[in-house]
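Chains as they are written, first to last, in this note's numbering: chain X, 11 to 279; chain D, 556 to 880. Where is the CB? At the ideal position from N, CA and C, for every residue including glycine. Below: the structure, in structure tokens.
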Amino acid sequence: MTAVTQGATPLVAVEGLAVRYRGSPEVLREIRFSVAAGDTVGICGESGSGKSTLLRALLGLVPIARGTVRWHGRELAGFRAADWSRLRRCAQLVFQDPFASLDPRMRIAAILAEPLDVHRSDLDRPARQARVAAQLTRVGLDANVLTRFPHELSGGQCQRVGIARAMILEPEVLVCDEPVSALDVSIQAQIIGLLATLQREAGTTLILVSHNLAVVRRLCRRVIVMQGGRIVEEGEAKDVLSAPRHAYTRQLLASIPEVPRSPPVAQGS
Amino acid sequence: MPSIPAPLLELRRFFVRFRAGGDSIEAVAGVTLTVARGECIGIVGESGAGKSQLLLAPFRLAASRAEVGGEAMLAGQDLLALEERALDRIRGAHVGFVFQDPMSTLTPHRTIGAQLVEVLEHHGRARGASARASAQALLARAGIDAPARRIGQYPHELSGGQRQRVAIALALACEPELLIADEPTTALDVTVQAGILAMLDGEKHTGRLAIALVSHDFGVVSRLAQRVYVMYAGRIVEQGPTDVLTRSPAHPYTAALLACIPRMDDPLEMPLEAIPGQPPDPRALPTGCAFHPRCPRADERCRTEVPVLAPGGARAVACHHPLRS
Numbered sequence: 011m012t013a014v015t016q017g018a019t020p021l022v023a024v025e026g027l028a029v030r031y032r033g034s035p036e037v038l039r040e041i042r043f044s045v046a047a048g049d050t051v052g053i054c055g056e057s058g059s060g061k062s063t064l065l066r067a068l069l070g071l072v073p074i075a076r077g078t079v080r081w082h083g084r085e086l087a088g089f090r091a092a093d094w095s096r097l098r099r100c101a102q103l104v105f106q107d108p109f110a111s112l113d114p115r116m117r118i119a120a121i122l123a124e125p126l127d128v129h130r131s132d133l134d135r136p137a138r139q140a141r142v143a144a145q146l147t148r149v150g151l152d153a154n155v156l157t158r159f160p161h162e163l164s165g166g167q168c169q170r171v172g173i174a175r176a177m178i179l180e181p182e183v184l185v186c187d188e189p190v191s192a193l194d195v196s197i198q199a200q201i202i203g204l205l206a207t208l209q210r211e212a213g214t215t216l217i218l219v220s221h222n223l224a225v226v227r228r229l230c231r232r233v234i235v236m237q238g239g240r241i242v243e244e245g246e247a248k249d250v251l252s253a254p255r256h257a258y259t260r261q262l263l264a265s266i267p268e269v270p271r272s273p274p275v276a277q278g279s
Numbered sequence: 556m557p558s559i560p561a562p563l564l565e566l567r568r569f570f571v572r573f574r575a576g577g578d579s580i581e582a583v584a585g586v587t588l589t590v591a592r593g594e595c596i597g598i599v600g601e602s603g604a605g606k607s608q609l610l611l612a613p614f615r616l617a618a619s620r621a622e623v624g625g626e627a628m629l630a631g632q633d634l635l636a637l638e639e640r641a642l643d644r645i646r647g648a649h650v651g652f653v654f655q656d657p658m659s660t661l662t663p664h665r666t667i668g669a670q671l672v673e674v675l676e677h678h679g680r681a682r683g684a685s686a687r688a689s690a691q692a693l694l695a696r697a698g699i700d701a702p703a704r705r706i707g708q709y710p711h712e713l714s715g716g717q718r719q720r721v722a723i724a725l726a727l728a729c730e731p732e733l734l735i736a737d738e739p740t741t742a743l744d745v746t747v748q749a750g751i752l753a754m755l756d757g758e759k760h761t762g763r764l765a766i767a768l769v770s771h772d773f774g775v776v777s778r779l780a781q782r783v784y785v786m787y788a789g790r791i792v793e794q795g796p797t798d799v800l801t802r803s804p805a806h807p808y809t810a811a812l813l814a815c816i817p818r819m820d821d822p823l824e825m826p827l828e829a830i831p832g833q834p835p836d837p838r839a840l841p842t843g844c845a846f847h848p849r850c851p852r853a854d855e856r857c858r859t860e861v862p863v864l865a866p867g868g869a870r871a872v873a874c875h876h877p878l879r880s
């Protein structure tokens, strides 16, 4: 990794950010927060709250109307081609729809090798293949998926492929946009566990967008709650979730569909 | 014998089979299920368990080449013997359907009002100005704000949650006795989901509407359903009152479906209890109990002998080693 975190400079810092799409009112207003390297931050809110736009703004994918986004202290507005290339490599994305985010015409082996082909031409072919194989094991998939196409896999397997692809460049930051909300709850738990393990092992910074605070709680130390394009509450997840201050956070918490607590399951048969 | 009112919907040994290539796939393998008038039942299970086929095939909404059999009765009528025209009158007028994607019932190029009016007129419920007034009232009932303005809008002008409310208004337009809701909130975020579940709960409390709710999420089902059927690989593996199943599941699969939901009060030191593996390929079901490869309690008997659904108290469970028998 060439990018280094220097002293107290956060990995990414946002100041007075506003974003407006053409012909619409501002969808983000006065956004200010920063993410330290290695931290895990959840951005929570309902559809239309601006959380996905915020992710896009962080990565320079939408025009910024006002304010700044800095990576390692360097402002996006002043980025040159080399800076963009480095950001594309250091910040990797995992998307909501595990099928739509994988190229349907490519076999899994090619999907996983592609980031290496683009960014790691210094590695020879056997070295790249070895990385693909190791990555597959890390995300809990069998080698027999390598020759398959995305439509031959289940949603959970596709999302594992998406995560493997994102992690194969050993990114500094993993940006996940609703990574489990399109999956069955049974598979959600697997993917949450996998993300937690990979993040812990690699020390990767995690920025996670989710409408479900119970998912954020599992994966993030800090939480940012957004409503109507603004941050309405922010803090350590354990504080915000146990003692929410904003009415909207309380509403989000009340919306989580929980079942009555069952007594512990008896062990043995 | 005291007269027990006949159930509104009754399926007996109901099956749905497909031929795919040389394989025969049994999506629903002999399920018996009832929905009483005014009752809400839930069907829980993972994708591919056959939940949707179970509730759509009786109304011939399954894939066209499916072979459907067993018994399927709606208010005493044999659904499987009905002609297509008679079934068309039942769909919409007596049974409403809501799907995960509201655009599967909405037409993109027609206004919401026009679509509601069409349904009301098709089933002879209202015409002209009276149909338009009913359409507006239906939107209000479905919790759509400013219905007078919305009625002239197109589906794309609405948010995902509002579209689903419109789809529900369409399904309820002819005051059906039964609403089949197949993953109605799965594509929505939790706040919108909570609003739609509250609205369905309100409809349930009118006492006139029975609901069959299909979901992979036990949390969603437990908010509405009085009784739950847990489905795995085409079969019911446990059924009973919702509070009985959620508080003391007997089938290891039911317990696993409950344990995997992230909760705000579970200890973070413990990883979430994911169900290992994934649902079986319907073309190659495991022998014996189909859940045995993922089950911590499985033994030799589970690998060879299919467990039958046996009643025990308020519930019934199909397991050789239930958790609390």
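D/THR746 sits buried, since 16 or more C-beta atoms from the chains shown fall within 10 Å of its C-beta. D/ASP700 and D/GLU828 have their C-alpha atoms roughly 41 Å apart. D/LEU878 is a Cβ neighbour of D/SER803, given a cutoff of 9 Å.
Excluding sequence positions up to five before and after X/GLU246, its CB lies within less than 7 Å of the CB of ARG231, ARG232, all in the same chain and listed in chain order. A distance below 8 Å between beta-carbons, with the five flanking residues on each side excluded, links X/ARG255 to the following residues of its chain, in chain order: GLU243. Within the stretch 197-221 of chain X, the residues whose Cβ lies closer than 8 Å to some Cβ of chain D are ILE197, GLN198, ALA199, GLN200, ILE202, GLY203, ALA206, HIS221, listed in chain order. With 16 or more neighbouring CB atoms inside 10 Å of its own CB, D/TYR784 falls in the buried class.
In the structure shown, D/ASP737 falls within a strand segment according to DSSP collapsed to helix, strand and coil.
Taking the Cα positions, D/GLY603 is about 18 Å away from D/ALA767. Contact check for D/ILE791 against D/THR587 passes: the beta carbons are separated by less than 9 Å.
If only uninterrupted beta strand (DSSP E) runs of at least 3 residues are considered, those enclosed by the stretch 760-802 of chain D are 765-770, 782-787, 790-796. Within the same chain, PHE105, GLY172 come within 6 Å of X/SER111 by CB-CB distance, once the 5 residues on both sides are set aside. Interface annotation for the stretch 258-273 of chain X against chain D: GLN261, LEU262, LEU263, ALA264, SER265, ILE266, PRO267, GLU268, VAL269, PRO270, ARG271, SER272, PRO273, criterion Cβ-Cβ distance under 8 Å. Excluding sequence positions up to five before and after X/ALA206, its CB lies within less than 8 Å of the CB of ARG228, LEU229, all in the same chain and listed in chain order. The Cβ of X/VAL185 sits no closer than 9 Å to any Cβ of chain D. If you draw a straight line from the Cα of D/PHE652 to the Cα of X/ARG32, it is about 38 Å long. Look at the stretch 153-171 of chain X: the residues with a C-beta under 9 Å from a C-beta of chain D are SER164, GLY165, GLY166, GLN167. Boundaries of the alpha helix (DSSP H) harbouring D/GLN691: 683-696, taken from the DSSP string. Looking only at X/SER191, X/LEU133, X/ILE121, X/LEU204, the smallest Cα-Cα distance to X/ARG148 is reached by X/LEU204.
Under the Cβ distance rule, X/GLU56 counts among the residues neighbouring chain D, one pair being separated by less than 9 Å. At least 9 Å separates the beta-carbon of D/ARG856 from that of D/PRO841. D/ASP578 carries a strand assignment under DSSP once its states are collapsed to helix, strand and coil. Contact annotation, X/PRO125 with X/ILE178: C-beta distance approximately 5 Å; criterion of less than 8 Å satisfied. Taking 9 Å as the threshold, the shortest C-beta distance from D/ASP772 to chain X falls below it.
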